[in-house]
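In the UniProt record's numbering, the protein residues as written are 1 to 468.
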């Protein structure tokens, strides 16, 4: 947590705001500054966080509040769902900021009255706009913001949100309308997919609202659905939905925990395992690796309390074609024994543009990318370039329907022959299910043998070069 705090400070701008790329951006982001202020406030319960950092961020937010109580976005829209539909973008952003600053607790006597005024003005603005909202995400964020601010108008947004809820197999969830693809072509999709990040996030806002407003009973159907969207590592689809969902689950657990005293029995194949859950160990993860031959797992419990059981299975499948959100083409422009140049062109296939987008370009084994040369090319829209494990990671403000191309110079650094195809992955950072993975290869490098790489002085290669 301390490392994360220190790393996040590198994205704070001189005026106290935060943005996705710090001083490289022309302006701070209202959404990100509010998110960081809220996160730092929560982190203060566990690590040292300089209050001055939060104070400067909150002051930046307050100074930029509009006269009508709304909050503008002077920077880029990082989280595209904040756009909502038309005029709802400002309302949804204002709701998000109100939630964030409602959680901030500062000792400064100078900013306290200004913060109270800012919250009151934002609440009045939301109340005036509540009836204009229609999409589930905007309604969910606004409902929770109105509740957090003590408004009596929560049902103005909650009622239409409830009307759009989907009830299935004892679970409750919502589906945010998605951008239409530019092409009418439909590609097969697998029968089960993890929920979209935006749907998980909006369900988490409703879960928090219901738990804090009316207790756990009405929230259980949402809890079941959110829990079913977790991945094997305990997270969700993206960073943002994971943060909101974990906070919602934690608040549910805090209210519902009470006196935990449970005996859980797990029957996996021919084996049986017993677990004891009490108030003393209910935060301790208990797990077991099952034999690969197990084909069914039966779980039963007795006693009092609420616990989450998750069965994670890992397996390989033959590749299948999903509906792509991007169109990516890789072309090897030049290829020699010790170097190649690869051009990667990408365009967005859905309507509008992406949010912050990431392009991960794999590098063949035994080669490294010339990061310095890539940075000097100063490609438009590129905000950050990083070198990962055998890949180059490139961050963009956004990607649209117009093709965006990057050329990467790759040079040999190791004695590796017969290079194999490597992957290129492009995805929307906040909606990672919008992604595409392709592979590229160099026909020349794939045919190069170890003597071509090592030279005539290498053991066993003298005869090879004589034959040539």
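All C-beta atoms, glycine included, are put in the ideal place defined by N, C-alpha and C.
None of the values given here were measured: they were computed from a predicted structure.
- Below 8 Å, too few C-beta pairs join the stretch 126-139 and the stretch 100-107 to call them touching: fewer than three.
- Bounds of the beta strand (DSSP E) holding residue 343 are 339-348.
- Residue 201 has its alpha-carbon roughly 25 Å from the corresponding atom of residue 314.
- Collapsing the DSSP output to three states places residue 369 in a strand.
- If you draw a straight line from the Cα of residue 352 to the Cα of residue 37, it comes to about 30 Å.
- For residue 309, the closest of 295, 326, 267 and 328 by C-alpha to C-alpha distance is 267.
- In this structure the stretch 405-415 does not lie against the stretch 213-221, because fewer than three pairs of beta carbons, one per stretch, are closer than 8 Å.
- Excluding five sequence positions before and after residue 223, the CB atoms of its chain that fall closer than 7 Å to its own CB belong to 207 and 252, given in chain order.
- Burial is judged here by how many other beta carbons sit within 10 angstroms of a residue's own beta carbon; residue 93 has at least 16 and is buried.
- Between the stretch 430-443 and the stretch 366-375, the count of C-beta pairs closer than 8 Å stays below three; the two stretches do not touch.
- With a beta-carbon spacing of about 44 Å, residue 305 and residue 350 fall beyond the 8 Å limit used to define contacts.
- Cα atoms of residue 264 and residue 323: separation of roughly 41 Å, rounded to the nearest angstrom.
- Sequence-distant partners of residue 390 (beyond 5 residues in either direction) whose C-beta falls short of 6 Å from its own C-beta, in its chain, are 363.
- Nearest Cα to residue 118 within the set 68, 28 and 382: 68.
- Relative to residue 122, the option among 144, 139, 209 and 97 whose CA is nearest is 97.
- Contact between residue 339 and residue 384 is absent: CB atoms are separated by about 25 Å, not below the 8 Å threshold.
- Rounded to the nearest angstrom, the gap between the Cα atoms of residue 452 and residue 337 is 7 Å.
- If you check the CB distance, residue 229 and residue 195 come in under 8 Å.
- Residue pairing for residue 326: DSSP places it in a beta bridge opposite 348.
- Per DSSP, the unbroken beta strand (DSSP E) holding residue 428 starts and ends at 422-428.
- When secondary structure is reduced to three states using DSSP, residue 454 falls in the helix class.
- About 6 Å separates the Cβ atoms of residue 199 and residue 176, confirming a contact at the 8 Å cut-off.
- DSSP, read as helix, strand or coil, puts residue 220 in helix.
- Straight across, the Cα-Cα distance linking residue 50 with residue 291 is about 49 Å.
- Judged by DSSP in its simplified three-state form, residue 431 adopts coil rather than helix or strand.
- Separation of residue 203 and residue 15 (C-alpha to C-alpha, rounded to the nearest whole angstrom) is 34 Å.
- Ranking 418, 448 and 433 by CA distance to the CA of residue 425 puts 433 first.
- Within the stretch 1-57, the alpha helix (DSSP H) runs of at least 4 residues that lie entirely inside it are, in chain order, 2-9 and 30-43.
- It is roughly 33 Å from the alpha-carbon of residue 344 to the alpha-carbon of residue 33.
- Taking the CA atoms as reference points, residue 281 sits about 22 Å from residue 245.
- If you look at residue 159, you'll find it in the alpha helix (DSSP H) that goes 154-163.
- Residue 242 and residue 125 have their C-alpha atoms spaced approximately 29 Å apart.
- Counting the other Cβ atoms within 10 Å of the Cβ of residue 46 gives fewer than 16, which makes it exposed.
- Linking residue 275 to residue 328 through their CA atoms gives a straight-line distance of about 49 Å.
- Taking C-beta separations shorter than 8 Å and ignoring five residues to either side along the sequence, the partners of residue 221 in its chain run 167, 170, 171 and 172, following chain order.
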